[in-house]
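Accompanying notes for the structure given below.
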Amino acid sequence: MTNVLTIACKEIQEGTRNRWVLATTLLMAALALTLTFLGSAPTGTVGVNRLDVVIVSLSSLTIFLVPLIALLLSHDAIVGEMERGTMLLLLSYPIGRREIVFGKFLGHLAILAFATLFGYGVAAIALMATGSEIAPESWRAFASMIASSIMLGAVFAAIGYLTSSLASERTTAGGIAIGVWLFFVLIYDMALLGGLVAAQGQTIPTGVLNAFLLANPTDVYRLLNLGSGGASTLSAMGGVAEYTGLSSPVLLVALGFWALAPLGFATVIFSRREL
Amino acid sequence: MNETVQVSGIAKRYGKSTVVRDVSFTLRAGETVALVGHNGAGKTTLIKLMLGLIRPTNGTVRVLGEDPATGDFAVRQRLGYLPESVSFNMALSGRETLRFYARLKRVDATAAQELFERVGLAKEAVDRPVRTYSKGMRQRLGLAQALLGAPRILLLDEPTSGLDPALRRNFYDLIAELRGKGTTVLLSSHALTELEGRTDRLIIINNGVAIADGTLDDLRRIAQLPTRISVKLSQIDAAPKWANGGMNWRRSVDGVLDAEILPDRKIRLLHDITADAALISGLTITEPTLDDLYAHFLKAQVTK
Numbered sequence: 001m002t003n004v005l006t007i008a009c010k011e012i013q014e015g016t017r018n019r020w021v022l023a024t025t026l027l028m029a030a031l032a033l034t035l036t037f038l039g040s041a042p043t044g045t046v047g048v049n050r051l052d053v054v055i056v057s058l059s060s061l062t063i064f065l066v067p068l069i070a071l072l073l074s075h076d077a078i079v080g081e082m083e084r085g086t087m088l089l090l091l092s093y094p095i096g097r098r099e100i101v102f103g104k105f106l107g108h109l110a111i112l113a114f115a116t117l118f119g120y121g122v123a124a125i126a127l128m129a130t131g132s133e134i135a136p137e138s139w140r141a142f143a144s145m146i147a148s149s150i151m152l153g154a155v156f157a158a159i160g161y162l163t164s165s166l167a168s169e170r171t172t173a174g175g176i177a178i179g180v181w182l183f184f185v186l187i188y189d190m191a192l193l194g195g196l197v198a199a200q201g202q203t204i205p206t207g208v209l210n211a212f213l214l215a216n217p218t219d220v221y222r223l224l225n226l227g228s229g230g231a232s233t234l235s236a237m238g239g240v241a242e243y244t245g246l247s248s249p250v251l252l253v254a255l256g257f258w259a260l261a262p263l264g265f266a267t268v269i270f271s272r273r274e275l
Numbered sequence: 001m002n003e004t005v006q007v008s009g010i011a012k013r014y015g016k017s018t019v020v021r022d023v024s025f026t027l028r029a030g031e032t033v034a035l036v037g038h039n040g041a042g043k044t045t046l047i048k049l050m051l052g053l054i055r056p057t058n059g060t061v062r063v064l065g066e067d068p069a070t071g072d073f074a075v076r077q078r079l080g081y082l083p084e085s086v087s088f089n090m091a092l093s094g095r096e097t098l099r100f101y102a103r104l105k106r107v108d109a110t111a112a113q114e115l116f117e118r119v120g121l122a123k124e125a126v127d128r129p130v131r132t133y134s135k136g137m138r139q140r141l142g143l144a145q146a147l148l149g150a151p152r153i154l155l156l157d158e159p160t161s162g163l164d165p166a167l168r169r170n171f172y173d174l175i176a177e178l179r180g181k182g183t184t185v186l187l188s189s190h191a192l193t194e195l196e197g198r199t200d201r202l203i204i205i206n207n208g209v210a211i212a213d214g215t216l217d218d219l220r221r222i223a224q225l226p227t228r229i230s231v232k233l234s235q236i237d238a239a240p241k242w243a244n245g246g247m248n249w250r251r252s253v254d255g256v257l258d259a260e261i262l263p264d265r266k267i268r269l270l271h272d273i274t275a276d277a278a279l280i281s282g283l284t285i286t287e288p289t290l291d292d293l294y295a296h297f298l299k300a301q302v303t304k
């Protein structure tokens with residue numbers, strides 16, 4: 001365990017030194033603030049709780065941004081160190097390969113968590129400062145949105161580790177990472193939508209739709225945040241969520257699985273790899 | 001002397017190509033051994049096998065009595081390794097880098113700081129990011145991490161490449177000091193001339209096969225390479241008796257006689273030459289260099 005923490009600390013140290021932490025936090029804060037004030041302008045001061053509006057817009061932002069940041073951080077983690085030659089030295093130390101993967105993952109997760117918490121936190125604080133009344137349920141929804149955003153980051157970081165342990169070159173890993181991002185974030189939903197249109201209103205069995213939604217971690221995230229509470233009415237996701245009947249615990253388990261399975265595979269592949 | 005590393009009948013194949021085949025040797029405490037061979041001969045692969053980073057296709061490796069590829073990592077705590085062209089994370093400073101490795105090896109951080117002085121990394125450089133380091137400074141940082149925790153075995157892959165002559169001497173002084181403390185030092189190199197007088201033993205690797213293993217004197221004896229003797233005569237046209245003893249003496253204009261002589265006849269000839277000291281004004285004996293030895297063993301393997 002000490003080794004895992006040592007590796008994680010070094011990863012965080014590197015992240016702060018090469019400005020990754022600063023850059024991602026600032027980026028997320030800037031986008032969150034923009035969405036908070038510009039995004040809610042059209043709604044004006046209607047009855048809707050303003051933080052709910054923010055949750056909807058930030059969730060949509062998360063689906064694009066967090067996977068991208070996570071993949072950028074992680075795709076280089078294993079193959080990059082191998083290419084630079086630092087992995088060879090590290091492996092000659094009394095440390096297991098599993099510990100290296102978990103330690104790095106933990107470090108990257110900490111960076112992501114920091115950036116999300118502070119970047120999005122700024123938006124909530126700014127709302128409070130402008131004197132909006134925020135209901136306790138909205139706060140809870142906001143907190144769970146941040147927590148699930150971090151989980152989504154963990155999922156894509158784990159996928160990044162898997163590509164990093166598979167690829168033989170950094171550039172290959174980067175290419176695969178971009179492909180993964182495009183697939184899950186853009187192409188998948190378009191294809192799903194296209195499929196639904198092609199079905200021409202025929203009812204799709206719940207089981208099939210559930211499987212399709214659970215097979216994409218960004219959809220799981222979307223259902224989790226937009227499927228219930230004040231956000232569901234705002235985002236029109238409520239209808240889908242009601243139809244699927246997937247409860248929050250199920251969705252959380254699905255996200256957890258999406259994080260642990262690629263990480264497990266990455267560990268196994270890295271352990272077998274010869275230098 | 002107790003054995004620290006035992007390699008027996010080891011072979012390593014990557015797909016169809018065999019990188020190392022049937023190599024066996026033993027390293028003992030307090031011994032400095034040079035692993036010599038051209039680029040791609042299998043030196044780095046052998047070192048990786050000893051570190052347990054890769055597993056042998058055949059044969060066994062024992063480091064401090066254990067298999068380095070399996071088992072717990074206790075062995076690695078007593079092992080220092082300097083990879084060929086060592087690299088570190090560029091953003092961190094030398095001090096942070098060494099602290100990280102010290103933590104992994106469970107070495108006290110303050111003890112680690114003393115290593116900077118030992119390897120001669122300047123105080124003002126220690127807190128600068130590694131990005132700003134020269135090749136020599138990086139090599140010294142690499143050496144500092146290898147020395148963490150007073151290892152019993154040091155595996156150094158091309159440790160002196162990129163070091164200037166002063167640093168090189170500094171490095172070999174350090175090795176001599178470690179040898180005195182009973183550390184096994186294995187260093188791979190292809191800079192043969194600088195190894196002379198600095199290693200106890202030589203293992204020559206070619207195409208993955210160990211073609212020679214022994215002390216420098218052993219290898220000289222086996223190789224039977226001729227010694228070059230040149231005698232400067234006190235009188236240019238003198239004809240000493242020993243000069244027509246069946247050897248091929250070459251005489252140059254300024255009265256210098258040159259001949260190549262096999263080791264078994266060397267002493268007698270020298271005795272004859274020096275018997276009449278008045279005849280000669282100078283005497284130079286050139287033993288075969290390591291380069292000559294290396295070339296000899298390579299050629300011997302080809303003709304075998």
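The listed protein sequences correspond, in order, to chains A and B. Heads up: the first sequence begins at 1 in this note's numbering, then just goes up one per residue. Heads up: the second sequence begins at 1 in this note's numbering, then just goes up one per residue. Built from N, CA and C at the ideal position, the CB exists for glycine as well.
query = From residue 56 of chain A to residue 126 of chain B, what distance separates their C-alpha atoms?
reply = C-alpha separation (whole angstroms): 49 Å.
inquiry  = If I follow the unbroken beta strand (DSSP E) through residue 245 of chain A, where does it start and stop?
reply    = Per DSSP, residue 245 of chain A is not a residue of any beta strand (DSSP E), being assigned neither H nor E.
message = Cutting at 8 Å between CB atoms, please list the residues of its own chain near residue 170 of chain B, excluding the five before and the five after it.
response = 120
ask   = Since residue 91 of chain B meets chain A, which of its residues come closer than 7 Å, beta carbon to beta carbon?
value = 14, 17 and 18
Those runs of the alpha helix (DSSP H) which lie wholly inside the stretch 116 to 158 of chain B and span at least 4 residues = 123 to 126 and 135 to 146
ask   = Taking the beta strand (DSSP E) that residue 58 of chain B falls in, what are its first and last residues?
value = 58 to 63
task = Closer than 9 Å, Cβ to Cβ, to anything on chain A: give me those residues from the stretch 153 to 168 of chain B, in chain order.
result = 155
task = Could you please tell me which residues of the stretch 67 to 97 of chain A, in chain order, have their CB closer than 7 Å to any CB of chain B?
result = 84, 85, 86, 88, 89, 91, 92, 93, 94 and 95
key: residue 257 of chain B, DSSP secondary structure in three states   = strand
query = How long is the line joining the alpha carbons of residue 32 of chain A and residue 248 of chain A, rounded to whole angstroms?
reply = 25 Å
query = Could you check where the beta strand (DSSP E) with residue 227 of chain B kicks off and where it finishes?
reply = Looking at the DSSP string, the run of the beta strand (DSSP E) that includes residue 227 of chain B is 227 to 233.
task = Rounded to whole angstroms, what's the CA-CA distance from residue 273 of chain B to residue 223 of chain B? Just pull it up for me.
result = 25 Å
request  = Please confirm whether residue 141 of chain B and residue 80 of chain B have their CB atoms less than 9 Å apart.
outcome  = no
request  = Please check if any C-beta of chain A sits within less than 9 Å of the C-beta of residue 197 of chain B.
outcome  = no
ask   = Which residues in the same chain as residue 297 of chain B place their Cβ atom closer than 8 Å to its Cβ, once the five residues preceding and following it in sequence are excluded?
value = Contacts found: 204, 206, 211, 212, 219 and 223.
ask   = Once you ignore the five residues that flank residue 156 of chain B on each side, which residues in its own chain have a CB closer than 6 Å to its CB?
value = 82 and 187
message = Beta-carbon within less than 7 Å of residue 86 of chain B's beta-carbon, same chain only, minus the 5 sequence neighbours each way: which residues are those?
response = Here residue 86 of chain B has 138, 139 and 142 as same chain residues with Cβ atoms under 7 Å from its own Cβ, once five neighbours each way along the sequence are excluded.
ask   = Whole-angstrom Cβ separation of residue 198 of chain B and residue 214 of chain B, contact assumed at under 8 Å?
value = Their Cβ separation, rounded to whole angstroms, is 16 Å, which puts residue 198 of chain B and residue 214 of chain B out of contact at 8 Å.
key: Members of the stretch 103 to 132 of chain B near chain A, C-beta cut-off 7 Å   = 103, 104 and 105
request  = Using only alpha-carbon positions, find the residue among A:69, A:225 and A:137 that is nearest to residue 27 of chain A.
outcome  = A:69
According to DSSP, residues forming a beta bridge with residue 26 of chain B = Residue pairing from DSSP places residue 26 of chain B in a beta bridge opposite B:6.
Own chain, CB closer than 8 Å to residue 24 of chain B, minus 5 neighbours either side, in chain order = Cβ neighbours of residue 24 of chain B beyond the five flanking positions: 7, 8, 9, 10, 59 and 210.
inquiry  = Could you compute how far the alpha carbon of residue 158 of chain A sits from the alpha carbon of residue 167 of chain A?
reply    = 14 Å
Own chain partners of residue 285 of chain B with C-beta closer than 7 Å, once the 5 adjacent residues on each side are dropped = 227 and 229
ask   = So which of A:156, A:118 and A:75 has the shortest CA-CA distance to residue 67 of chain A?
value = A:156
query = According to DSSP, is residue 213 of chain B helix, strand or coil?
reply = strand
message = For residue 274 of chain A, would you say it is in contact with chain B, using Cβ-to-Cβ distances shorter than 9 Å as the test?
response = yes
query = Residues in the stretch 47 to 60 of chain B with C-beta within 9 Å of chain A's C-beta atoms, listed in sequence order?
reply = Taking 9 Å as the Cβ-Cβ cut-off against chain A, the residues of the stretch 47 to 60 of chain B that qualify are 48, 51, 52, 53, 54 and 55.
query = Within this structure, are the beta carbons of residue 310 of chain B and residue 69 of chain B separated by less than 9 Å?
reply = Past the edges of chain B, shown from 1 to 304, lies residue 310 of chain B, and the structure says nothing about it.
message = Need the endpoints of the alpha helix (DSSP H) that residue 34 of chain B sits in, please.
response = From DSSP, residue 34 of chain B is part of no alpha helix (DSSP H) but of the beta strand (DSSP E) over 32 to 36.
Straight-line gap, residue 100 of chain B to residue 5 of chain A (C-alpha atoms, nearest Å) = 11 Å
query = In the DSSP assignment, what are the bridge partners of residue 20 of chain B?
reply = B:12
query = Who are the neighbours of residue 86 of chain B on chain A, taking C-beta pairs under 8 Å?
reply = What residue 86 of chain B touches in chain A: 85 and 89.
key: Three-state secondary structure (DSSP) of residue 101 of chain A   = helix
ask   = Between residue 107 of chain A and residue 7 of chain A, is the Cβ-Cβ spacing less than 9 Å?
value = Yes, they are a contact pair.
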